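First up is the structure itself, then whatever we jot down about it.
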Amino acid sequence: MLLPAIAIFDIGKTNKKFFVLDEQYKIIFEESVQLPETKDEDGFACEDVHLLTAWVNELLVKIEGLQDVFISAINFSTYGAGFVHVDSEGKPIAPLYNYLKPFPEKLKADFYNKYGGESVFSQTTASPVLGNLNSGLQLYRLKYEQPILFEKIHKSLHLPQYISSLVTGKNYTDITSIGCHTGLWNFMHNQYHQWLYQEKVIEKLPPIFSSHEIMKTSLNNKIISAGVGLHDSSAALIPYFTGFQEPFILLSTGTWCISFNPFNSSLLTYEELQQDCLCYLTYHGQPVKASRVFAGYEHEQQIKRLAQHYNKNEDYYSTVLCNQEIILKLRNMQQENDYTKNLSVVKQSFFQQRDLSAYATYEEAYHQLMTDITYQQQASTRLVLKGAEVKRIFVDGGFSKNPIYMYLIAAAFPGIEVYAASVAQASATGAALAIHKHWNKKPLPGNIIDLKYYSLTQ
């Protein structure tokens with residue numbers, strides 16, 4: 142008897158992954174690839190949408206040969222802030238522009254002057270001023286910089302929905318893609334922002350399809366259930382919603398360390414926006430207040446500096462154990478004016494300015510780096526703590542495996558339980574859970590998340 146399974150495309154900016162999960166959410170097949178980038182008409186590096194399309198189509202054929210399983214459903218999770226612009230046949234007719242591409246200053250000024258100024262617009266749309274990373278502004282840019290191309294566009298699909306359309310042949314958008322700092326959504330009125338209608342950009346956006354519903358479609362001559370796809374950050378939250386009902390914060394650590402509070406739906410203040418706070422939307426359309434720091438990148442840069450100064454390998458930091466005596470010594474050395482209540486610390490850590498000759502060993506200096514990063518993290522996470530009595534902080538990603546980081550986070554939030562949390566392929570698992578009822582007859586599993594508790598006594 143063939144066992145039901147779900148296929149998931151989980152597409153990051155660097156790694157493109159494909160999984161097949163069984164009804165217990167165990168991975169039974171996986172494949173990943175890194176695809177070379179191409180360049181847009183300005184010579185700026187961007188995703189090669191044609192190469193990506195070919196890879197997806199190749200895997201859709203390949204899964205027909207899987208033994209002992211029946212693919213009864215499929216869903217998609219991808220990075221955000223990217224549009225695929227298609228013609229009436231669903232074929233891409235423009236590059237998938239890179240969200241890191243600089244946005245023209247004059248065009249940006251024109252836009253914000255037209256629509257209430259940076260402060261008002263950012264608060265209304267829960268979108269800090271981020272240029273191309275506000276993907277809605279990419280459409281505005283196309284309209285004024287490339288009007289002929291803009292007119293040719295039949296629909297503009299967020300990347301998850303474009304990948305979904307390769308299976309279903311249907312054009313939709315979903316609320317998680319609209320809600321991730323795009324400048325498209327009016328969080329105050331829970332609808333598209335008026336600028337889309339005034340600029341006639343709304344005509345390029347397909348109708349919204351519910352992120353937890355499915356379309357019936359044919360794949361390899363079999364009828365299966367297909368989801369519309371989700372933004373990966375929102376998808377990664379879903380396993381935690383499934384496992385925990387009491388208020389929590391998910392601290393997702395990577396290049397960016399993002400604190401998600403799904404239980405704080407208050408509107409962003411101007412001050413919070415200045416401190417890199419933003420909002421996401423869950424797959425049920427509820428706001429999630431989030432704050433972020435560039436701490437993973439900072440760590441990456443500073444371990445190079447430490448390795449050079451102390452003549453160590455770059456990965457030497459992974460051998461350094463948490464030493465409470467060093468932490469206490471560093472705290473006693475600390476100048477009172479080093480750590481202030483000024484939240485500008487969120488923007489960068491103090492370690493960039495520290496003189497490494499003040500530390501006798503690599504171990505001391507690395508503990509100082511982690512102390513500075515976690516102080517920065519504490520300031521950032523506190524920005525989204527309001528709105529609910531948070532019981533737990535779950536730390537996932539790279540820093541969840543760093544004992545010094547975990548000890549210092551536990552110290553920073555003494556009234557809250559702190560856990561290192563691990564979900565195998567969280568965004569892929571979340572995409573599968575979003576449409577659980579449509580493909581899986583078994584109850585939601587209770588063992589998706591592995592937890593390790595941290596306290597000051599450890």
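All letters in the sequence shown, in the order written, are residues 142 to 599 by the working numbering. Using N, Cα and C, we set each Cβ at its ideal position, and we do this for glycine too. These numbers come from a predicted model, not from an experiment.
Limits of the unbroken alpha helix (DSSP H) element including residue i
i              : result
asparagine 156 : Unbroken run through asparagine 156: none, as it is neither H nor E.
proline 288    : 288-293
valine 227     : Looking at the DSSP string, valine 227 is not in any alpha helix (DSSP H); the run it does join, the beta strand (DSSP E), is 224-227.
leucine 378    : 373-384
serine 596     : Premise fails: serine 596 is in no alpha helix (DSSP H) and is neither H nor E.
isoleucine 468 : 465-474
tyrosine 254   : With the sequence shown as reference, residue 254 is identified as asparagine, and tyrosine is not the correct amino acid for it. Unbroken alpha helix (DSSP H) run through asparagine 254: 246-255.
leucine 414    : 411-415
Terminal residues of the beta strand (DSSP E) in which residue i lies
i                 : result
serine 173        : 168-174
alanine 431       : 428-434
glutamate 558     : 558-564
tyrosine 421      : 418-422
aspartate 537     : 533-538
phenylalanine 328 : It is not in any beta strand (DSSP E) - phenylalanine 328 carries neither H nor E in the DSSP assignment.
Coarse secondary structure for residue i, derived from DSSP in three states
i                 : result
phenylalanine 401 : strand
lysine 453        : coil
asparagine 312    : coil
arginine 495      : coil
aspartate 591     : strand
leucine 300       : helix
phenylalanine 150 : strand
tyrosine 438      : helix
proline 145       : strand
isoleucine 390    : strand
alanine 520       : helix
serine 406        : coil
alanine 501       : coil
valine 270        : coil
leucine 574       : helix
alanine 367       : strand
valine 161        : strand
glutamine 489     : coil
phenylalanine 554 : coil
leucine 585       : coil
glycine 320       : coil
alanine 529       : coil
valine 461        : coil
Span separating the alpha-carbon of residue i from that of residue j
i                 : j                 : result
threonine 502     : glutamine 442     : 19 Å
serine 406        : leucine 592       : 26 Å
isoleucine 468    : leucine 241       : 37 Å
leucine 484       : isoleucine 289    : Caution applies to leucine 484, whose pLDDT of 46 falls short of 50 and renders its modelled position unreliable; the value that the coordinates give is listed next. Rounded to whole angstroms, leucine 484 to isoleucine 289 spans 45 Å at the Cα level.
alanine 520       : tyrosine 438      : 17 Å
leucine 176       : asparagine 156    : 8 Å
threonine 410     : tyrosine 303      : 33 Å
glutamine 264     : histidine 440     : 31 Å
phenylalanine 262 : alanine 146       : 44 Å
lysine 371        : isoleucine 534    : Residue 371 is actually leucine in this sequence, not lysine. For leucine 371 and isoleucine 534, the distance between alpha carbons rounds to 24 Å.
glutamate 466     : aspartate 417     : 34 Å
leucine 230       : lysine 453        : Note on identity: in this sequence residue 230 is glutamate, with leucine being the wrong assignment. Going by the C-alpha atoms only, they are around 56 Å apart.
valine 429        : lysine 445        : 35 Å
isoleucine 215    : alanine 569       : 11 Å
methionine 547    : tyrosine 500      : 22 Å
valine 564        : phenylalanine 217 : 17 Å
valine 161        : asparagine 543    : 30 Å
serine 498        : valine 174        : 43 Å
leucine 144       : threonine 179     : 40 Å
valine 308        : lysine 167        : 23 Å
arginine 472      : glutamine 165     : 46 Å
leucine 278       : leucine 248       : 10 Å
glutamate 246     : asparagine 275    : 14 Å
glutamate 286     : tyrosine 238      : 14 Å
glycine 539       : threonine 394     : 6 Å
8 Å contact criterion, which residue i and residue j should meet: CB distance rounded
i                 : j              : result
serine 600        : tyrosine 424   : Residue 600 falls outside the range modelled here, since the chain spans only 142 to 599, and no answer is possible.
valine 369        : tyrosine 313   : 5 Å
leucine 346       : valine 225     : Their Cβ separation, rounded to whole angstroms, is 13 Å, which puts leucine 346 and valine 225 out of contact at 8 Å.
phenylalanine 619 : tyrosine 281   : Nothing about residue 619 can be reported from this structure: the residues present for the chain run from 142 to 599 only.
serine 268        : histidine 322  : 4 Å
serine 432        : serine 213     : Actually they do not touch by this definition, with Cβ atoms about 39 Å apart.
tyrosine 595      : alanine 561    : 7 Å
isoleucine 390    : valine 531     : 5 Å
isoleucine 169    : valine 202     : That belief does not hold up - the Cβ atoms of isoleucine 169 and valine 202 are roughly 18 Å apart, past 8 Å.
leucine 574       : isoleucine 379 : 5 Å
leucine 526       : asparagine 402 : 7 Å
isoleucine 550    : glutamine 518  : 7 Å
Chain C within 8 Å of residue i, Cβ atoms only
i             : result
threonine 383 : In summary, chain C is missing from the structure at hand, where a single protein chain is found.
**OP:** Please specify which runs of the alpha helix (DSSP H), each continuous and at least 4 residues long, are wholly inside the region 177-241, giving them in chain order.
**Re:** Listed in chain order, they are 190-203.
Original post:
Which parts of the region 333-364 are runs of the beta strand (DSSP E), unbroken and 3 residues or longer, counting only runs that do not cross its ends?
Top reply: Annotation note: the region 333-364 contains the following uninterrupted beta strand (DSSP E) runs of length 3 or greater, listed N- to C-terminal: 356-360.
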